[in-house]
Every structure is written in C-alpha cells, then in structure tokens.
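A quick write-up on the structure given underneath.
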C-alpha cells in the first residue's frame, strides 16, 4: 500500500473520528502521536493528512496547541462517496482554482461570438434548472466546460474532463446541499455563475478570474454545514 493511500486513509479516519465523536467546530483533536497510534500509521502520515484537512477547511492548526475542528463535511456530501474518496474529491478544488480561474481569464480574452452564444445558452439552461427542483449538475458541468472551450486551447478542456469524476461528485453534492437550505442559497449560487459569464461577455479577464475563484471558494465552503 503506497504513501498516498495511507494519507488518504488517515484523512478519512480523522473525518470519521470527528463524526463518531460528534466533535463540534472548535474542538481539539488528539495529538499527532495519538492519531498515529489510533490509525496504525506514522506521525508523518498523520501530519500530511492534517495539512490536507486544513487546506480543505476541515481542521486548523494552532501553533503550540495542536489541531482543531474548523468545519464538518456535510452528511449529504459524504452520502455521495465513501469517506476514503473524500480527500481526492475535495483535493480536486486545488487543481480547479488554478485551472478554471485561468480558463475564465483566457475565455474573457479569446472567446468568439459563437462561443459566447454557447455560454449564454448554457447559462440559461443552468438558471432554468437551478430554479426548478431538477438536478442541475449536468447543466453546471456544461457551463464550466463551455468556459474551458472558450479559451481556444484544447488542453484546458482535456484537463477539465480528466477531473470529471471528482467534479461531478462535488457538483451533485453541492446542488443537493444547497437545495436543503433556504432558497437564497440557490440564488447566490446562480449569481456567482452569472458574474463569471458577465465578465467573459464584457471581456474583462481579471474580473472573470476573480469571479471564478470566488465561486469555487464559496462552492467548497457550501459543502460544510
């Protein structure tokens, strides 16, 4: 079993520990050595898992005090995947921040009139679906693919499609979680997409990149209760 697999197991084990012990936000986790003993791995593996958990907004390290619970993944998120897949799925956000923010920036610079028409159509379909009770992950995915396509660089589309499995889980869970909350949450999600499309329409590359980063950051935050 390789190092990454052990790190994924430790990551999933810590999330499961937070759940089964019903630790609230702000609760202190056991020490690295205790966690290592609990999961039968080295402290280095636990440390790597904690770094990734912190990046995903689940834990936070406080100098000299240890690690604390910062956020608990929604039960609805965990329903879409085994816990051991959670680190890889949430880890896809790190790649998406780089890939899709730059894709939005380049799309704003390079999009053709025809590509803009496709983007507008994809946005209209997403708006209609989000405002209904139907699943919206396919429409969400199509809009993001249209943005990648509008860069004029096929490598962006290939890279986005390579993330398809993890992105689809996130999008399915994100819509499901948002629908379980007050209606304004869906309205906010819709507005984030509209800001991205508006920026590309206006050919404002920096605003487009910022709007995409904001959307992805808020999307990751919505996966927590």
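Numbering (the numbering used here), first residue to last: 7 to 231.
We put the CB at the ideal spot given by N, CA and C, even for glycine.
Just so you know, these numbers come straight off a predicted model, no measurement behind them.
Inspect the beta-carbon positions of residue i and residue j and report whether they are closer than 9 Å.
| i | j | result |
| --- | --- | --- |
| residue 79 | residue 21 | yes |
| residue 225 | residue 200 | no |
| residue 120 | residue 203 | no |
Would you mind giving the Cβ-Cβ distance between residue i and residue j, rounded to the nearest angstrom? I have them listed as a contact below 8 Å.
| i | j | result |
| --- | --- | --- |
| residue 17 | residue 55 | 4 Å |
| residue 205 | residue 217 | 5 Å |
| residue 12 | residue 57 | That pair is no contact at about 14 Å. |
| residue 152 | residue 128 | 5 Å |
Can you tell me which of the options puts its alpha carbon nearest to the alpha carbon of residue i?
| i | options | result |
| --- | --- | --- |
| residue 165 | 106, 181, 136 | 106 |
| residue 67 | 34, 146, 199 | 34 |
| residue 148 | 174, 14, 189 | 174 |
| residue 75 | 114, 43, 169, 62 | 62 |
| residue 111 | 212, 225, 220, 231 | 212 |
| residue 38 | 72, 113, 26 | 72 |
| residue 50 | 64, 14, 135, 210 | 14 |
| residue 172 | 29, 97, 26 | 97 |
Between residue i and the rest of its own chain, which residues show a CB-CB distance below 8 Å, the 5 nearest in sequence each way excluded?
| i | result |
| --- | --- |
| residue 228 | 180, 183, 184, 191, 195 |
| residue 137 | 192, 196 |
| residue 170 | 147 |
| residue 122 | 156, 206, 207 |
Taking the beta carbon of residue i as the centre, do at least 16 other beta carbons fall within 10 Å, making it buried, or is it exposed?
| i | result |
| --- | --- |
| residue 189 | exposed |
| residue 208 | exposed |
| residue 31 | exposed |
| residue 157 | buried |
| residue 214 | buried |
| residue 19 | buried |
| residue 69 | exposed |
| residue 168 | exposed |
| residue 187 | exposed |
| residue 85 | exposed |
| residue 113 | buried |
Excluding five sequence neighbours on each side, which residues of the same chain lie with their C-beta closer than 7 Å to the C-beta of residue i?
| i | result |
| --- | --- |
| residue 83 | 179, 183, 229 |
| residue 60 | 66, 67 |
| residue 222 | 99, 102, 103, 106 |
| residue 177 | 143, 146, 147 |
| residue 64 | 21, 76, 77, 79 |
| residue 90 | 14, 15, 18 |
Within a Cβ cutoff of 6 Å, which residues of the same chain sit near residue i, ignoring the five residues on either side of it in sequence?
| i | result |
| --- | --- |
| residue 52 | 16, 38, 41, 42 |
| residue 115 | 211 |
| residue 154 | 109, 162, 163, 166 |
| residue 135 | 142, 145 |
| residue 220 | none |
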